[in-house]
Structures are given as structure tokens and as C-alpha cells.
Amino acid sequence: MKAINLCLFCLLLIGCANKPKQEKVPQTLINNTVGINDTLGLSLHPEFPIYSTKQKQVTFILHNNSGTDIGFGGYYSYTYEDEKGIWRDVPMQLVVFDEEIILWQGNKYYYNAELFRHTPGRYRFFLTVRRYSKEYTLMTEFQLQDNMIELFKRHPYSQLNDTLLPSEEEAVYPPIYNVIDQMPEFPGGIDKLLQFINDNMKYPTKAQTEGIQGRVAVQFIVDENGYIIEPNIVRSVEPSLDNEALRLIKMLPQWKPGTLKGKAVKVKYTVPVAFKLK
Numbered sequence: 001m002k003a004i005n006l007c008l009f010c011l012l013l014i015g016c017a018n019k020p021k022q023e024k025v026p027q028t029l030i031n032n033t034v035g036i037n038d039t040l041g042l043s044l045h046p047e048f049p050i051y052s053t054k055q056k057q058v059t060f061i062l063h064n065n066s067g068t069d070i071g072f073g074g075y076y077s078y079t080y081e082d083e084k085g086i087w088r089d090v091p092m093q094l095v096v097f098d099e100e101i102i103l104w105q106g107n108k109y110y111y112n113a114e115l116f117r118h119t120p121g122r123y124r125f126f127l128t129v130r131r132y133s134k135e136y137t138l139m140t141e142f143q144l145q146d147n148m149i150e151l152f153k154r155h156p157y158s159q160l161n162d163t164l165l166p167s168e169e170e171a172v173y174p175p176i177y178n179v180i181d182q183m184p185e186f187p188g189g190i191d192k193l194l195q196f197i198n199d200n201m202k203y204p205t206k207a208q209t210e211g212i213q214g215r216v217a218v219q220f221i222v223d224e225n226g227y228i229i230e231p232n233i234v235r236s237v238e239p240s241l242d243n244e245a246l247r248l249i250k251m252l253p254q255w256k257p258g259t260l261k262g263k264a265v266k267v268k269y270t271v272p273v274a275f276k277l278k
């Protein structure tokens, strides 16, 4: 009888040992790090303050007006705000190369960063740059939103001129450069470019009548042969002015292409088209 009881006790122990354990979902580390987004002529901000959760990448614009060239690498980091308002690390699987990118004084760099979390909410992006021998951690904030209808309810059209969401397809960029050895050049230089725009502008009648004016920013690519391709509005004012700005950019003649290491490459370029009533 004792032998039977011993066997039952052993089986009970084995059963308890084999009982599956409930795995706890690991919580990411708290990270209240705060950086600066504008110092000594260095500034960092997202191309759009709000992105769709379907985005694969987010683009940040780094401006260098610090009076000297700066350097930075391919490593960056994110934090996110949880439901309790606590900032936490975003787990990342980032492969970077041990190299430094040089951003010349007076230039800007479009930094395409992969997203590792696709949950609506507030996020912080961190990038360390080197100026002379000192390092600075720059930080900027952006949001992810999954409900476009609610987004437009929360932000009227007039407030969304600078926050228009790029489509999911626009998140994957082809090999296009922003900072290179020689930027593309309009025939005769920037003054001739502005003159070309002014000489060919047809101010929309409706906009004139309604007193609408403003500055439309058009972004496009100057390809390896100097031709303008893929123009699009990155700062909107009003549909008729936007369309006229696009028409003007599409009229631009062939440019001198940008070069990198002596080779012509595609370069992203942005031109403001100013509509001003006299």
C-alpha cells in the first residue's frame, strides 16, 4: 500500500513539474531621456509630424547651420509613451556599418529611419551628431496614427497643410541622395530659376479674387540626366495654387545633374513657389 501511495505521490510531482508555466510579456525599459532639437545652428525634425502606422520608414530632416561640417553615424534610437504616460525604449533590430556621414555647413540631410513599432501614439527619435570633438544628442517627436478619419477630425485642413500623411508606398525610397558632392544646378543658377518661375506664373483667377496667397513647397527629383521627375507637394496652400506650382515645376528645363564621387546621381530637391498678390 505504501508503495502504491509513493508511486501516486511521484506521479503528482511529475504532473506538477510538467504543468506549463505562464510566460510574462517582458516590459520594455523606462527611458526618460530628453534631447534637444535645435542648438548651435543644428536642428532635427520629422518631415511630417504625424505618420500612418502602416509606414515602414519615417523621414527626419537634419539641418546644419552651425558654421562648420558635422558628422553622424547610422545608429539611432526611439522611445515611446505608454498608456500611463511613461516613456520606454522601442526594441530595435538595427544593423549599422561603422562609418560616418559628413554633413556640410549650410546643408540638410533627409534621414530615413526604419520603424520598429507600429502602434498609435507619441514617439521620440534620437540621433547623435559630432561637431568638432563634442557630441550632441538631438531629439525630435512625432506621432503614429491608424485612424485617418479621426486624424482629420482632430486636425482641421488648415492645420494639416504641414502634416499631410505620405502614402504607404512613399515610405520605401529608391536610392536618391540629399547630400552629395555637387548639388544639381538650374541653368544660370538660383536667380534664373526664380525668374523662370515668376515669368511663367499664371496666378489662378479664383485665388486672386478670393485674396488667397502663400508659399507652396514642391519637392522633386533631378535625375542623372538633369530632368525633373516625380514632383509632389510637400507644403500645400490651396488646390489651385498647388496645381499651378506643379505646372511650373514640370515646365523646368534640363538641369546640370548632381554628382557624387564624379558620377551623376538622382538628387531630391525642394523649391518654394511664392504666390503674392500685389
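Numbering follows full-length UniProt numbering, with no gaps: position 199 of the sequence shown is 199. All C-beta atoms, glycine included, are put in the ideal place defined by N, C-alpha and C.
- Taking a C-beta distance under 8 Å as the contact criterion, E185 and A207 do not qualify as a contact pair.
- G71 and L44 have their C-alpha atoms roughly 14 Å apart.
- Rounded to whole angstroms, L144 and K56 show a C-alpha spacing of 12 Å.
- In the DSSP assignment, M251 falls within the unbroken alpha helix (DSSP H) covering 239-251.
- Considered as a whole, the UniProt domain "TonB C-terminal" (188-278) harbours 214-222, 228-235, 258-260, 263-265, 267-275 as its complete beta strand (DSSP E) runs of no fewer than 3 residues, in chain order.
- Counting only residues of its own chain and dropping the five nearest sequence neighbours on each side, T39 has a CB closer than 7 Å to the CB of Y136.
- Residue pairing by DSSP places G121 opposite L144 in a beta bridge.
- Take N31, set aside five residues on each side of it, and the residues of its chain with a beta-carbon closer than 8 Å to its own are T79, W87, R88, D89, in chain order.
- Taking a cut-off of 8 Å on C-beta distances, the segment 264-278 touches the segment 192-211, as three or more cross pairs fall below it.
- For S133, no beta strand (DSSP E) encloses it, and the DSSP letter there is neither H nor E.
- The continuous stretches of beta strand (DSSP E) do not include E47, and DSSP gives it neither H nor E.
- For G85, no beta strand (DSSP E) segment is defined, and its DSSP state is neither H nor E.
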